[in-house]
Amino acid sequence: MSVTLALALGLIGSILAPFAAARWKTIGNALVVAVPALLFIFFFLQLGAVGEAPIVEENPWVPSLGIALTIRLDGFSLLFALLISGIGTLVALYAASYMDEKTPFYRAQFLFYILLFMSAMLATVTADNLMALFVFWEMTSLLSFLLVGFDSTKLAARKAALQSMLVTVGGGLSLLAGIILIGVTAGTFSIGALMENPAPLVESPLFTAIIILMMAGAFTKSAQVPFHFWLPNAMAAPTPASAYLHSATMVKLGVFLLATMAPIFSQAAWFGPTLVAFGGATMLIAALQALRSTAFKAVLAFSTVASLGTITMLIGLDGEVAAVATVGFILAHALYKAALFFCAGIVIHATGEPRLNRLGGLASVMPITAGATVLAAFSAAGLPPFVGFISKEYLFEAQIESTFTAIAVLIGVLVNTVMVAIAVVVVMRPFFRPARRELHVHHGEATGMTVGPVALGLIGLLFGLAPGLVATSLIQPAASAIYGEPLDVSFYLWHGFTPMLALSILVVALGLLVAKYWDPIHVALRRRRIFDRLLDDRGYYWVLDNTLALARWSTLRLQNGDLRIYTAVIATVVTFFMVYALLAGDGPVFPSVNHPEFNLYMVGVVGLIIVGCFVAALTTSLVTAIIGVGLAGYGLALVFLLNGGPDLALTQFSVETLFVVIVTAVLLRLPLMFTKTRTPGERRYDASLAAVFALTIFSAVLWVEAVPFNPVIPEYFAQVSYTEAFGRNVVNVVLVDFRALDTFGEIAVVAFAALGAWALLRRNNVAKKKPAATPAKEG
Amino acid sequence: MADTLDLLWPVLIPIMTAALAACFWHNIRAQRIVSFIGLVMLFAASVKLTMTVVEHGVIAKQFGGWAPPFGISFVADPLAAALVAITGLLALAVGIFGFYDVRARHERAGFYPLFHGMITGVNGAFLTGDAFNLYVWFEVMLVTSLGLLVISRSREQLDGTIKYGVLNLFGTILFLIGLALLYGATGTLNMADLGQILPGMTLTPGLMTAAMLFLAAFAIKAGLFPLFFWLPASYHTATFAVGAIFAGLLTKVGVYATFRTFTLLFLIEGDTLRYVFTFIAAMTMITGVFGAAVQWNIRRILSFHIISQIGYMLMGLAIATPIAWAGASFYIIHHIIVKANLFLLAGAIRAAGGSDDLRKTGGLLKSHPWLAVLFLIPALSLAGLPPLSGFWAKFLVIDASLRAEYYGLAAVALVVGVLTLFSMMKIWMEAFWKASPVKPSRRRYVPVAFIIPIVMLGAVTMTIGLFAEPFVTFAREAGDVLVDPPLYIAPVFGAEAAAEAGALIAGEAIDADAIENGADNGVEEEVQ
Amino acid sequence: MRSIILVASTRIFFIAMLLVSLWILLRGHNEPGGGFIGGLMGAAAFATLAFAAGVDDARKMLRIHPAVLMGVGLVLGAVSGLPGVVLNGSYLQHQWLEMDLGLFELKLGTTLVFDIGVYFVVIGGVLSFMFRLYEEEQG
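Residue numbers (my numbering), protein chains in the order written: chain A, 817 to 1595; chain B, 9 to 536; chain C, 35 to 173.
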């Protein structure tokens, strides 16, 4: 079976299984678990093949844009695929039990999101085409949004959901820009093709910009400084989602992308150091914030952020060991952190108490959970013989061997000290230390929920005891993939007495010390409000609030509701454009026009029109205004008559007459005088605007006169009017034949205007009805 | 040989429908039947036209059998054909929506004639190849839209309609003045003919003024910054069905006319105009999305988003490379469907939650989960999330601007995308997630007549998103025609038409009396 | 109060105006006139009647609703183009019927159908406004 088919079937199963779960609980839940489980088995079976060479499957999508759904399964993406489907199986099992007493709709909806997320995630890590990767990347952001806000009636959940969405999708758009620029410079979106021939990309002047844009996308997704704030807030999601998305899988997408692109990006010398700097800063800040946190899940969330920072740093470090350390750390972290979240979920679910310092004495009530927590915490603390120990050894080795030795090791020691302390605290606090005040335990542990953490804890132990199981099959291909060339990996438990071991011992010792004085440290740090100001999501709210304030200001300014201002603005802009046209045109503003005929009648008529216009503009009486407009209208008719257009003149006279008749009728319902609504200043402005507008039109008309008219069309009309169209009245022939469609359109205008007026002027008009009576039923 | 009569039906069918509906003024039942038959026929005709254009490329038709430039031409290039097809689809969708949304008193007030009249105007504007004829369709559109806008005669509708009417009328007058100048300068109104003549002419201040008048007129119609005031002032007051069709089509006619004018008649040369367009595009996007961000009424939010999305389309004009035009064309098509669908959804949300004010509704995810799914499709598409139609639209315009090194414009487009997502998620969070602030007294149902069109349009959005290849290819063809005027001009002056025109003009004496009789088109202009 | 004589003479005047409007309509193709001007004249005839005898009388005289009149006008306009489609494959390509009636040659074209359509729409359109506005005033 091809990977493509497996993913497609997985997607179909992900969509259908939750519906079954809504309908038939037991069978449905089994199906929901079966989908990721089968995928896990499938990917497990690919281990051998991928160890030899990456699996590539071509699937065209939008070839004209160079976008394909090509699958590329190398060691690194297979590692992710196994984590996603494996932990996905446990999450599905866990969630089905976690949501047992909820309504079918609630449960099915949650499982639907989780499974869809799994499908999107698998597609992201197996995508060869960067655009396809982006497509699925954004889908994971969306599903994360839906899961963070899952308890949607709570305002905090909605705010956290929006925040995670804006940050990750915003970063995603930066990523999109980077990817498009890769397409522009390299001519391909395929990762495989880029790896083979990175030269056009690396040599492009846009290379730096591309790296920054993609880095920004990755940092938002993986909650690196300065975008670290959204992940702890995302803990508003139900715990199974937190375990899955916000610790084990989705948040690792950013580092996944950086690691995948690292062989190319590291050709920019600053790439590695930048990652080390941001990763290190993230580690320190997250460690500090973890110490300041009270809620169980928040502590775990900050430790996740710290771990992501660690991975970022590892990607930035040079050397073969760094590649192995990255892979080992991703594996170990996914195993123990998901387990810890599972345990936290069980505890919170049973007690309804999210705060760590209120919990206690639960070991007797939920022994299995306690045991699983111990297993996971040992691995998290980096104690032998757990896989966490091995990964930490490699971490230290990578730091020591890199070019940043001192600073990297210092950060590593500090942050891992806090990690050890957290591991101790999350074991001791809820399970083995008595509760400070009475804790109400609603129920014991359900099998469905304990399977996950126990399994993950045991796997962590197994991989630690027998690292050979994964060394060549999983770690080696994955590390080779991100290193860019094949590596000979030695992944084993006992390295001998090395500096790394010394560091490990130091870290554990310090960690125990911190754990012992957790409360005083916690309280002391928590009091320092300065950290809130610097480290939490104030920056985000500052940007959001100010953007909205700016938006409100601009909208009030522009869309202020006053028609007169709208008209004035529009007229000003239009006049401005026309003045520009006059000045930018090719020729003098006012051309000289040769006009030999000076017709006294015309002067009189034009004078009449001008007088009419001024009367209409200056008067405050409606009647006078209508007389003014009428004067101009009849004047125009005279112009037509004097220039040999009897049809036009006749029409104009009729229109003017009917206009007066109709307006008179309207007038009977309106006040005859209107008050001046514009201030004198505004009126002066209006007048000058009108004058400038008129001058530009005047100039344009002069230009029409100045350039000889091309008479082909009117001559043709005159010529064939009788011979071809059988009419001597050219105007009429133009109307009903040459340009009959225009006439048809215009009679339609007359008809529709009349219909509209007919409806609008109905007798029980709004003017007579009470306003409240009408809008009630309006849509 | 392509059947050029296909060009006729998308205009003739709706006007006939409108006319017949008016004939049955007192018989509402008959009007409904006529209207529905007309919608189905229109849809079929517009699909047929598009298929013909896909097969044969640009097609043209002369009305009255008069050769160009003497008679009126209709021309369908890929962009115009696609727009007509979408109009047909949208009209049908809104027509179905109207079965429930249009109330008896709207029907008595002439809803059906006006509705089909508006469709006539829109299709006419898309298809015509004659500048004055375009003006006529603009008038048809304006006057029918005024009638539709005020159809409930509520106070707020009157207020909105006055703003809409005054500002749009101003734009139409500018268009008319521009036309008069253009005719005076060139002696022709046929756009293909103008496309041949104008590039060779000196751009005198007079001609430049004409160009600017067109720009201003279409910019008002399209709702560009800073001329868009009429749009947010009026759209939310219309009934839902009317709002949907307005939101989908009207501004896009302005955009289409701008594209047509500034690719065929006046070519954008020189940096100044390009900077101006870039600035306008960016400001349109920003001010539009800003307006949306601070609203609480769904339709007000959506109205402002029309403006911001128009900015994206204008990126095509600012960048003016073939891919930019392709992107802009794709954007128009995508946006019509999505925006109309969202307006219909606003109606469905009101039906389901009791209000389209976000502060007064809520809890719809629980009570109407399918409505939530149907909402997410166009909402996320509008925000440009993959793999929906809006993603490809945004991808194409941003790709075009990055290729042409318009980095600032691309950045604005991306940031505006985030803010668009913000306001879509605001609707989602308030209407679907938040618990309802009022206890609903009974279970509210969304009528089937609402669901069918929403599903139809949503399915199109999904189809474009998932199977983008043919649509992208089509948009590229549309872009190619826009950058290459001869592709548009040649079919108008087909072999047979050119021969006929040549023979007639040659030699023969001209009847002087007839000319003196005032043989120009002034009469039509005075009818207004 | 309306004078009976005035009403009666208005009736005559109305009929005369209507006939004139028809004459203007028909001669339009060769002399100044046509559907548009004819329609305005016709509308003026009804307006006169409405002024003198009241809107109700004028509406009764029109017999059908102005909206219907406009609808019929638009249908006529649209239909006048269809023979061209059938015979020449071109919409609004007008067709002519030539008859030799001995005394003179009569040419009847589809243009006349079109012009009658224009005539109806203009009358209907103007009257819609007029009836509504004056009805309002009375009501």
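Positions of the beta carbon are idealized from the N, C-alpha and C atoms, including for glycine. Since the structure is predicted, the reported quantities are computational estimates derived from the model, not experimental observations.
Simplified DSSP state of residue i, which is helix, strand or coil
| i | result |
| --- | --- |
| E132 (chain C) | strand |
| V62 (chain B) | helix |
| P876 (chain A) | strand |
| V446 (chain B) | coil |
| V1523 (chain A) | coil |
| F1406 (chain A) | coil |
| A27 (chain B) | helix |
| T1467 (chain A) | helix |
| Q127 (chain C) | coil |
| A1541 (chain A) | coil |
Straight-line Cα distance separating residue j from residue i
| i | j | result |
| --- | --- | --- |
| V1257 (chain A) | L825 (chain A) | 41 Å |
| I1028 (chain A) | A973 (chain A) | 31 Å |
| L20 (chain B) | L352 (chain B) | 27 Å |
| W17 (chain B) | T44 (chain C) | 45 Å |
| R1373 (chain A) | I315 (chain B) | 16 Å |
| F1072 (chain A) | R307 (chain B) | 41 Å |
| W1310 (chain A) | A1111 (chain A) | 36 Å |
| A354 (chain B) | P1170 (chain A) | 39 Å |
| V61 (chain B) | A84 (chain B) | 7 Å |
| A356 (chain B) | S389 (chain B) | 18 Å |
| V1566 (chain A) | A99 (chain B) | 23 Å |
| T471 (chain B) | G1176 (chain A) | 55 Å |
| A359 (chain B) | L322 (chain B) | 35 Å |
| I831 (chain A) | L855 (chain A) | 15 Å |
| A79 (chain C) | W33 (chain B) | 24 Å |
| N1173 (chain A) | V1163 (chain A) | 13 Å |
| F1220 (chain A) | A976 (chain A) | 36 Å |
| L1434 (chain A) | L1398 (chain A) | 29 Å |
| S960 (chain A) | P1042 (chain A) | 20 Å |
| S1296 (chain A) | V1231 (chain A) | 27 Å |
| L1124 (chain A) | T136 (chain B) | 60 Å |
Assumed close pair residue i, residue j - CB separation to whole angstroms, cut-off 8 Å
| i | j | result |
| --- | --- | --- |
| W877 (chain A) | L885 (chain A) | 5 Å |
| I104 (chain B) | I460 (chain B) | 5 Å |
| V907 (chain A) | I887 (chain A) | 24 Å between Cβ atoms; not a contact. |
Beta-carbon spacing of residue i, residue j below 8 Å
| i | j | result |
| --- | --- | --- |
| E1261 (chain A) | T1185 (chain A) | yes |
| L1511 (chain A) | P1407 (chain A) | no |
| G73 (chain B) | G111 (chain C) | no |
| L1069 (chain A) | S1038 (chain A) | yes |
| V1323 (chain A) | V1229 (chain A) | yes |
| A1032 (chain A) | S990 (chain A) | yes |
| F285 (chain B) | A326 (chain B) | yes |
heavy atom of the ligand NAD below 7 Å from residue i C-beta
| i | result |
| --- | --- |
| A1432 (chain A) | Although the ligand NAD was asked about, the structure shown includes no ligands whatsoever. |
Next item on the list: Could you tell me whether the stretch 428–447 of chain B touches the stretch 361–370 of chain B, where touching means 3 or more Cβ pairs closer than 8 Å?
Entry: yes
Check: Any contact of the stretch 211–218 of chain B with the stretch 259–269 of chain B, i.e. 3+ C-beta pairs under 8 Å?
Finding: no
Margin query: Any contact between the stretch 69–78 of chain C and the stretch 151–163 of chain C? By contact I mean 3 or more CB pairs, one from each, below 8 Å.
Written below: yes
Notebook entry, point to check: So, do the stretch 1206–1214 of chain A and the stretch 1131–1146 of chain A have three or more beta carbon pairs nearer to each other than 8 Å?
Noted result: yes
Check: Counting Cβ pairs closer than 8 Å, one from the stretch 1299–1316 of chain A and one from the stretch 1084–1096 of chain A, do we hit at least three?
Finding: no
Next item on the list: Decide yes or no for the touch test of the stretch 99–111 of chain C against the stretch 21–32 of chain B: beta carbon pairs closer than 8 Å, at least 3 of them.
Entry: yes
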